[in-house]
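Working notes, structure below.
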Amino acid sequence: MVYGASGVAVVTVDAEGENTIVVTPAANSAFTGLTESELTAVRDADVLVAQLEIPVATVTEAARAARAAGTRVLLNAAPAQPVPAELLDSVDLLVVNEAEARAITGRGREHPGALLGVVPRAVMTLGRHGAWYGDRDGTTTHVPAVKVDLVDSTAAGDAFTGALAVAWGEGRELLDAVRWASAAGAACARKLGASVALPLRAEIDALYVPGD
81 MVYGASGVAV
91 VTVDAEGENT
101 IVVTPAANSA
111 FTGLTESELT
121 AVRDADVLVA
131 QLEIPVATVT
141 EAARAARAAG
151 TRVLLNAAPA
161 QPVPAELLDS
171 VDLLVVNEAE
181 ARAITGRGRE
191 HPGALLGVVP
201 RAVMTLGRHG
211 AWYGDRDGTT
221 THVPAVKVDL
231 VDSTAAGDAF
241 TGALAVAWGE
251 GRELLDAVRW
261 ASAAGAACAR
271 KLGASVALPL
281 RAEIDALYVP
291 GD
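What follows is the structure, given as structure tokens:
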């Protein structure tokens with residue numbers, strides 16, 4: 081238990097549905113060290129989803145525990161910041177937007193393959209321009225965005241990452257999982273709000289476009 085003020089995020093959304101977020105971490109920044117029950121949950125998972133709104137040392141501890149147990153590690157490196165090698169070494173799949181990619185590699189959408197210099201598999205989300213997926217086995221591809229009337233993009237990235245983890249954990253090939261995740265992000269962006277906009281599976285399936 082961490083005592084103190086809760087973290088707060090203030091979100092503004094413009095007329096085009098794009099957002100700007102200002103975050104005060106507060107108690108999130110005091111979350112250090114994992115309990116044995118938390119480590120057990122990590123080890124028992126199919127996929128660990130981590131991000132950077134708690135201290136990097138805590139994320140690294142969880143990722144290392146997951147790697148040692150054979151749990152796959154998906155890191156959504158948000159908010160944008162440099163990520164130390166000791167964390168990246170435990171990551172199986174990295175999910176970033178362009179700003180987050182630049183914080184890690186110094187390169188943006190013009191060179192997404194730079195991400196494969198630090199992790200074996202990566203996704204760069206590109207908003208209305210879709211997403212890029214690549215891996216060290218030689219796969220690199222662009223997944224087009226699912227076209228919807230954009231209302232609010234605030235939680236679209238979270239919907240994408242969550243759906244990607246679910247699909248990967250359920251056994252989909254990663255490229256197909258990215259397509260399903262793209263549908264999840266689009267379904268979310270049709271609604272106003274964050275958690276209230278997260279889609280149900282049926283809403284994702286209705287927008288999902290399988291590959292060739």
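Per our numbering, the sequence shown starts with residue 81, numbered consecutively. Don't be surprised by glycine CBs; every beta carbon is placed ideally from N, CA and C. Computed from a prediction, not measured in an experiment: that's the story for all the values here.
Asked                                                                                                         : Found
Backbone CA spacing between A181 and A89 [nearest angstrom]                                                   : 22 Å
Sub-7 Å separation of A257 and W248 beta-carbons                                                              : yes
Cα-Cα separation, H209 to E178                                                                                : 12 Å
Residue from G214, G193, L128, D232 with nearest C-alpha to A277                                              : D232
Contact between the stretch 154 to 168 and the stretch 114 to 131 (3+ Cβ pairs under 8 Å)                     : yes
First through last residue of the beta strand (DSSP E) which encompasses T220                                 : 220 to 223
The alpha helix (DSSP H) enclosing T234, as first and last residue numbers                                    : Where T234 is concerned, there is no enclosing alpha helix (DSSP H), given that its DSSP letter is neither H nor E.
C-beta atoms of L119 and A145 nearer than 7 Å                                                                 : yes
Own chain partners of G265 with C-beta closer than 6 Å, once the 5 adjacent residues on each side are dropped : A236, A239, F240
Bridge-paired residues (DSSP) for T205                                                                        : A211
Presumed contact (8 Å Cβ cut-off) between A245 and L154, rounded CB distance                                  : 5 Å
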